[in-house]
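In my numbering, the protein residues as written are 112 to 524. Think of the CB as a built atom: it goes at the ideal place given N, C-alpha and C, for glycine as much as any other residue. Comments concern the structure below.
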Amino acid sequence: MAKQKFFYGWLIVGVSFVSMAFWMGIRSSFSLFYARLVDELGWTRADMALSQCITFLMYMVSVPFIGGFIDRFGPTKVIIPGVILTGAGLALCATIKTIFAMYVFYGLIVGIGTPFISIVAYSSVLAHWFKKKRGLASGIATSGMGVGTFGIVVLSKILIGTYGWRQAFLILGLLTLCLLLPANGMFLRHRPEEIGLGPDGVQNCLPQGKDQARKEKIGRILKSREFVMCVGFASLALLAVHIILVHNVRILMDQGIPMEKAANALAMVGLLSSFFRVFWGWLSDKKGRELSYTSGAVFLLLSSVFLFFTKAEREWSLYIFVLTFSAGWAVTAPSFMALLADLFKGEQFGAIYGLFESIIYGLSVAGVWIVGLIYDLTGTYWPATFVIIVASVILSVWIIWLIDPARLNREAL
Numbered sequence: 112m113a114k115q116k117f118f119y120g121w122l123i124v125g126v127s128f129v130s131m132a133f134w135m136g137i138r139s140s141f142s143l144f145y146a147r148l149v150d151e152l153g154w155t156r157a158d159m160a161l162s163q164c165i166t167f168l169m170y171m172v173s174v175p176f177i178g179g180f181i182d183r184f185g186p187t188k189v190i191i192p193g194v195i196l197t198g199a200g201l202a203l204c205a206t207i208k209t210i211f212a213m214y215v216f217y218g219l220i221v222g223i224g225t226p227f228i229s230i231v232a233y234s235s236v237l238a239h240w241f242k243k244k245r246g247l248a249s250g251i252a253t254s255g256m257g258v259g260t261f262g263i264v265v266l267s268k269i270l271i272g273t274y275g276w277r278q279a280f281l282i283l284g285l286l287t288l289c290l291l292l293p294a295n296g297m298f299l300r301h302r303p304e305e306i307g308l309g310p311d312g313v314q315n316c317l318p319q320g321k322d323q324a325r326k327e328k329i330g331r332i333l334k335s336r337e338f339v340m341c342v343g344f345a346s347l348a349l350l351a352v353h354i355i356l357v358h359n360v361r362i363l364m365d366q367g368i369p370m371e372k373a374a375n376a377l378a379m380v381g382l383l384s385s386f387f388r389v390f391w392g393w394l395s396d397k398k399g400r401e402l403s404y405t406s407g408a409v410f411l412l413l414s415s416v417f418l419f420f421t422k423a424e425r426e427w428s429l430y431i432f433v434l435t436f437s438a439g440w441a442v443t444a445p446s447f448m449a450l451l452a453d454l455f456k457g458e459q460f461g462a463i464y465g466l467f468e469s470i471i472y473g474l475s476v477a478g479v480w481i482v483g484l485i486y487d488l489t490g491t492y493w494p495a496t497f498v499i500i501v502a503s504v505i506l507s508v509w510i511i512w513l514i515d516p517a518r519l520n521r522e523a524l
């Protein structure tokens, strides 16, 4: 079976990389706007955190439809409207004066738009383009999340410091439109069969009957023990990650770290996590999904320790937090993408993955808001937030070993 010298699937990975860079960069930069708007407009932390929770809710509502629409209509017709919503919503945030406007423009409009450029949209595509190198492709594509966290957080910090947060929102909206519309409109393709190839660039290697069988079993898949456990595993992993992502700047500032240094730390997390995502994806192809995730989870646990250990007089611990959280956060997305594609890839994988992503964000929505509320009620994040993070990570490791994806893959061969 012949292979092309350059496999078009890697261009799909590139489009996914750029789009997910904006998705996670926009989401991560919220931490900077969060800190600034709380001080400038006098909103409580729980009120401000609720706007991000609304985006999580919109994500949960949107992604099952996005995955299913991509299965039916292809990615371009689905993703382009989401890019337009995201860019327009960010631009409208420049006009915010009340918390209600924040909820509408950021929570609802941006919250509905960003799922169209998220891991769900591109997982629905990449699952068809790769098999043997699925972990590596997932790792490279999702490394865009880290690059976006670095680039857009740094850019947001500069824009907020130079022009103010209103102009920062406007510029981010325009950049989203100018870069993502042409990238997705010109280069995105749904399946390798459209250009006469199979996964990994091999000619005629994808039996259509197997995908049809998957299509017929979608109802049973969603009720299966494996799917339910995958949801539990990922929900707990995301709970820990999102609590840290949303609240880390304020936690560090409360412990004496200046906002600029806290923002720089978040940006470096994004950059370093890109390299770790590629590594974890490669490792999962070689050693298995469960071993790769467990290794990354150890770093996530360590990051929670150093997040609360960091003080102005122990600034060196901030750098350890950056390194460990980079590695720990990075293992999640490639693990989710590769694990679900291994177990459930088929004609309706987009719908399956969309439902998966929708469900797993439930704990994050609750957790991010509850942690803000805990602070408002007690005046501190410690120790309740630390306990929540640690418990969720340990439980997620236990569940992925119960799933035993290596065994399930052997049985499927």
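In three-state terms, what does DSSP make of SER162? On the sequence shown, position 51 is the one that residue 162 refers to. Note: SER162 maps to helix in three-state DSSP.
Of the residues ASP150, LYS397 and VAL264, which one's Cα is nearest the Cα of LEU283? Position 172 of the sequence shown, counting from 1, holds the residue named residue 283. Among ASP150, LYS397 and VAL264, the Cα nearest to that of LEU283 is on VAL264.
Taking 8 Å as the threshold (C-beta atoms), are SER503 and LEU347 in contact? The residue you call residue 347 lines up with position 236 of the sequence shown. The residue you call residue 503 lines up with position 392 of the sequence shown. Contact flag set, yes.
Own chain partners of ALA441 with C-beta closer than 7 Å, once the 5 adjacent residues on each side are dropped: Within the sequence shown, numbered from 1, the residue matching residue 441 stands at position 330. Excluding residues within five positions, the ones whose Cβ falls inside 7 Å are GLY257, SER384, PHE387, ARG388, TRP391 and GLY407.
Are PHE216 and GLY200 touching if we call contact CB-CB under 8 Å? Reading the sequence shown from its first residue, position 105 is the one you call residue 216. Reading the sequence shown from its first residue, position 89 is the one you call residue 200. In this structure, GLY200 lies closer than 8 Å to PHE216 by Cβ.
So GLY296 packs on PRO303, CB below 8 Å; how close in whole Å? Position 185 of the sequence shown, counted from the first residue, corresponds to residue 296. Position 192 of the sequence shown, counted from the first residue, corresponds to residue 303. GLY296 to PRO303, Cβ: 20 Å. No contact.
Rounded to whole angstroms, how far is the Cβ of MET364 from the Cβ of ALA373, which I believe are closer than 8 Å? Locating residue 364 in the sequence shown gives position 253, counting from the first residue. Locating residue 373 in the sequence shown gives position 262, counting from the first residue. Yes, they are in contact, since the Cβ atoms of MET364 and ALA373 sit about 6 Å apart, within 8 Å.
By alpha-carbon positions, which one of PHE447, PHE261 and VAL360 ends up nearest to GLY483? In the sequence shown, residue 483 corresponds to position 372, counting from 1. Checked all of PHE447, PHE261 and VAL360; the closest Cα to GLY483 is VAL360.
Assuming VAL87 and PHE227 are in contact, meaning their beta carbons sit under 8 Å apart, how far apart are those beta carbons, in whole angstroms? Because residue 87 is not part of the residues shown, which for the chain are 112 to 524, the question remains open.
Within the chosen definition, does the segment 465 to 485 reach the segment 422 to 439 through at least 3 CB pairs nearer than 8 Å? no
For GLU327, does the count of other Cβ atoms within 10 angstroms reach 16, so buried, or fall short, so exposed? Against the sequence shown, residue 327 aligns to sequence position 216. Only weak support exists for where GLU327 lies, its pLDDT of 46 falling under 50; the value from the coordinates is given anyway. Counting Cβ neighbours within 10 Å, GLU327 comes out exposed, since fewer than 16 surround it.
Output the boundary residues of the alpha helix (DSSP H) element that contains GLY246. Position 135 of the sequence shown, counted from the start, is the residue given in the question as residue 246. It spans 245 to 274 - the alpha helix (DSSP H) in which GLY246 sits, taken as one unbroken run.
If distances are taken between C-alpha atoms only, which option among GLY179, PRO445 and CYS289 comes closest to TRP393? As a first step, residue 393 must be located in the sequence shown, where it is residue number 282. Of the candidates GLY179, PRO445 and CYS289, the one whose C-alpha sits nearest the C-alpha of TRP393 is PRO445.
Ordered along the chain, which non-local residues of its own chain (more than five positions away) have a Cβ less than 8 Å from that of SER415? Position 304 of the sequence shown, counted from the first residue, corresponds to residue 415. Here the set comprises ALA351, ILE355, PHE497, ILE500, VAL501 and VAL504.
Nearest by alpha-carbon distance to GLY465: which of TYR145, VAL174 and THR491 is it? Along the sequence shown, one-based indexing puts residue 465 at 354. With distances taken between CA atoms, GLY465 lies nearest to VAL174 out of TYR145, VAL174 and THR491.
Mind the definition here: the segment 146 to 158 touches the segment 283 to 294 only if three or more C-beta pairs lie below 8 Å; say whether that holds. no
Three-way DSSP call (helix, strand, coil) for ALA371 in this model: For the purposes of this step, residue 371 is identified with residue 260 of the sequence shown, where counting begins at 1. In the sequence on display, residue 371 carries Glu and not Ala. It is helical.
Per the contact definition of three or more C-beta pairs closer than 8 Å, is the segment 246 to 261 in contact with the segment 447 to 458? yes
With DSSP collapsed to three states, give me the class of PRO494. As a position in the sequence shown, residue 494 is number 383, starting the count at 1. Collapsing the DSSP output to three states places PRO494 in coil.
With 16 as the cutoff for other CB atoms within 10 Å, does CYS341 come out buried or exposed? Residue mapping note: residue 341 aligns to position 230 of the sequence shown, counting from 1. By the neighbour-count rule (16 or more Cβ atoms within 10 Å), CYS341 is buried.
Output needed for LYS242: all residues of its chain with C-beta closer than 7 Å, excluding positions within five of it in sequence on either side, in chain order. Locating residue 242 in the sequence shown gives position 131, counting from the first residue. The residues are PRO310 and ASP311.
Could you tell me the alpha carbon to alpha carbon distance between ALA238 and THR489, rounded to whole angstroms? Here residue 238 corresponds to residue number 127 of the sequence shown, with the count starting at 1. Here residue 489 corresponds to residue number 378 of the sequence shown, with the count starting at 1. Spanning the two alpha carbons is a distance of roughly 45 Å.
Rounding to the nearest angstrom, what Cα-Cα distance links MET213 and GLY224 in this structure? As a first step, residue 213 must be located in the sequence shown, where it is residue number 102. As a first step, residue 224 must be located in the sequence shown, where it is residue number 113. Taking the straight line joining both Cα atoms gives about 15 Å.
Between the CA atoms of ARG331 and ILE230 - distance to the nearest angstrom: Taking the sequence shown and counting its residues from 1, the one referred to as residue 230 is at position 119. Taking the sequence shown and counting its residues from 1, the one referred to as residue 331 is at position 220. The straight-line gap from Cα to Cα measures roughly 24 Å.
heavy atom of the ligand NAD below 7 Å from LYS188 C-beta: Among the components of this structure there are no ligands whatsoever, and the ligand NAD is therefore not found.
Roughly how many whole angstroms lie between the Cα atoms of SER403 and PHE467? Locating residue 403 in the sequence shown gives position 292, where the first residue counts as 1. Locating residue 467 in the sequence shown gives position 356, where the first residue counts as 1. So the two alpha carbons sit approximately 21 Å from each other.
Return the chain-ordered list of same chain residues with a C-beta closer than 8 Å to the C-beta of GLN366, the five sequence neighbours on each side being excluded. Taking the first residue of the sequence shown as position 1, residue 366 is located at position 255. Answer for GLN366: PHE419, THR421, LYS422 and ALA423, listed in chain order.
Cβ-based burial, LYS208 [other Cβ within 10 Å; buried from 16]: As a first step, residue 208 is located in the sequence shown; it is residue number 97 there, counting from the start. Burial call: exposed.
Please report the straight-line C-alpha distance between ASN375 and ALA146, rounded to a whole angstrom. Along the sequence shown, one-based indexing puts residue 375 at 264. Along the sequence shown, one-based indexing puts residue 146 at 35. Near 14 Å, if we compare the C-alpha coordinates of ALA146 and ASN375.
Complete alpha helix (DSSP H) runs within the segment 367 to 421 (minimum length 4 residues, chain order): 370 to 398 and 400 to 420
Using DSSP with H/G/I as helix, E/B as strand and the rest coil, what is LEU308? What you label residue 308 is simply residue 197 of the sequence shown in a count that begins at 1. Note: LEU308 maps to coil in three-state DSSP.
Going by other Cβ atoms of all chains shown within 10 Å of its Cβ, with 16 needed for buried, is THR491 buried or exposed? For this step, residue 491 is matched to residue 380 along the sequence shown. Classified as exposed, THR491 has fewer than 16 neighbouring CB atoms from the shown chains inside 10 Å of its CB.
Which of the three DSSP states is assigned to GLN323 in this structure? Locating residue 323 in the sequence shown gives position 212, where the first residue counts as 1. Interpretation of GLN323 is limited by its pLDDT of 44, a score under 50 that renders its predicted location unreliable; the figure taken from the coordinates is listed afterwards. Helix.
Taking 8 Å as the threshold (C-beta atoms), are LEU349 and THR443 in contact? Your numbering for residue 443 matches position 332 in the sequence shown. Your numbering for residue 349 matches position 238 in the sequence shown. Cβ distance < 8 Å, so THR443 and LEU349 count as in contact.
According to DSSP, simplified to helix, strand and coil, what is GLY457? To locate residue 457, count along the sequence shown from 1; it is residue 346. Here GLY457 sits in coil by DSSP.
Go ahead and label TYR274 buried or exposed: buried means 16 or more other beta carbons lie within 10 angstroms of its beta carbon, across all protein chains shown. As a position in the sequence shown, residue 274 is number 163, starting the count at 1. Its Cβ having fewer than 16 others within 10 Å, TYR274 is exposed.
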